Amino acid sequence: VLLGSGLTVLSQPLMYVKVLVQVGYEPLPPTLGRNVFGRQVYQLPGLFSYAKHIVKVDGRAGLFKGLTPRLCSSAIGTVVHSKVLQRCFLGGCSPPDASFPLQPGTSKKEPVSSLEQVLKETSREMVARSAATLITHPFHVITLRCMVQFIGRETKYSGTLSAFATIYREEGILGFFAGLIPRLLGDILSLWLCNMLAYLINTYALENGVRARHTAWGGAGQAGGGVPFFLLQVSTMAEMKSYSQAVTGFFASMLTYPFVLVSNLMAVNNCGLAGGLFPYAPTYSSWLDCWSQLHREGNMSRGNSLFFRKVPAGKRYVWE
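Under full-length UniProt numbering, the residue at position 129 of the sequence shown is numbered 129, and the numbers go up by one with no gaps.
Below is the structure:
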């Protein structure tokens with residue numbers, strides 16, 4: 001929990017800028033710069049320029065708006081995730097079985113990387129993540145609205161407890177779960193994509209490659225030096241598996257980013273803040289309506305990158 005809280009504090013300015021960009025708020029005009037290929041293009045302000053503008057307006061403390069509810073969300077989510085995983089393992093989602101340890105390790109009956117094992121692990125993780133997301137989503141909504149207040153200089157959501165009272169008074173219980181469905185769908189799709197792609201890579205690319213090498217060196221291994229060579233290959237394969245998990249996680253997050261964007265926009269849409277109203281966004285009737293309009297405008301990846309932000313032709317941005 002402490003480590004997670006520390007990472008949350010460090011990443012707060014990054015998330016703050018990202019959320020404002022997702023909403024479509026551009027406080028600075030485009031400038032002439034160069035892209036990664038060295039060509040001159042008009043670019044929207046990047047992370048550091050955006051952060052400097054926030055500091056200029058609100059001071060350094062302004063970069064940490066919405067930190068308190070986000071810390072609450074992180075801490076509660078970590079505890080809920082851990083408790084649900086334990087409950088699932090002890091008798092909920094899948095019965096305890098020595099063949100399927102909770103953490104990767106040596107299996108007596110079948111290899112840990114078997115498809116059945118991956119499905120069990122991913123199902124448990126899906127339930128735990130979904131429970132944590134469901135319980136902490138009200139804090140997520142408050143965090144986003146505290147950040148978006150920067151656009152209209154409002155103070156409507158000035159404290160966590162008062163924000164709960166404001167949302168309940170104006171929107172009822174459902175207000176705490178604005179944007180929940182696309183967020184849940186995005187988390188679930190990202191998790192399954194990541195784990196299944198990692199399984200395919202680890203099973204059919206890495207493990208088969210190591211077996212082929214070991215077979216080719218089998219004769220030499222029995223003569224001498226084969227066992228150390230095999231252990232070296234196993235060690236290398238373990239490292240490659242960890243890399244493949246990171247790569248597939250990044251790839252899955254890229255594919256499911258539109259769900260994150262739509263969820264965040266729905267959490268602040270028509271909530272009484274300038275950032276949730278025209279010209280930044282129309283009033284969406286549902287998250288599918290939001291998705292459809294973003295798709296028509298070509299804004300499905302808005303906020304995905306905070307560097308080398310080229311000004312796309314035909315897209316609508318608002319700056320002061």
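Don't be surprised by glycine CBs; every beta carbon is placed ideally from N, CA and C. All of these numbers come straight from a predicted model, not from anything done at the bench.
Cα separation between Val17 and Gly24? 11 Å
Are the segment 122-141 and the segment 71-87 touching, with three or more C-beta to C-beta distances below 8 Å? yes
Enumerate in chain order the residues of its own chain whose CB-to-CB distance from Leu20 is below 6 Å, with the five nearest sequence positions on each side excluded. none
Using the beta-carbon count (16 or more within 10 Å), is Gly6 buried or exposed? exposed
Check the C-beta distance from Thr256 over to Ser190 and give it rounded, since I have them as a contact under 8 Å. 4 Å
Please list the terminal residues of the continuous alpha helix (DSSP H) segment that includes Arg60. Element bounds for Arg60: n/a, residue is neither H nor E.
Report the rounded CA-to-CA distance for Tyr50 versus Val262, giving the unit in angstroms. 22 Å
Look at Thr15 and Arg60 and say whether their C-beta atoms are less than 9 Å apart. One point to set straight first is that residue 15 is Met, not Thr, in the sequence displayed. Cβ distance not < 9 Å, so Met15 and Arg60 don't count as in contact.
Please state whether DSSP places Val41 in a helix, a strand or coil. strand
What distance in whole Å lies between the Cβ atoms of Gly152 and Ala274, which are believed to be in contact at a cut-off of 8 Å? 3 Å
Reducing DSSP to helix, strand and coil, say where Thr155 ends up. coil
Would you report the Cα separation of Ser11 and Arg145, rounded to the nearest angstrom? 17 Å
Any idea if Leu85 is buried or exposed, counting beta-carbon neighbours within 10 angstroms, 16 or more meaning buried? buried
Contact under 9 Å by Cβ, Cys271 with Gly175: yes
For the alpha helix (DSSP H) that Thr68 lies in, which residues bound it at each end? 67-90
Counting only the same chain and skipping the five closest in sequence on each side, list residues whose C-beta sits under 6 Å from that of Leu119. none
C-beta contact flag for Gly186 and Phe259 at 9 Å: yes
Taking Asn299 as the reference, give the member of Leu265, Arg183, Ser123 with the closest Cα. Leu265
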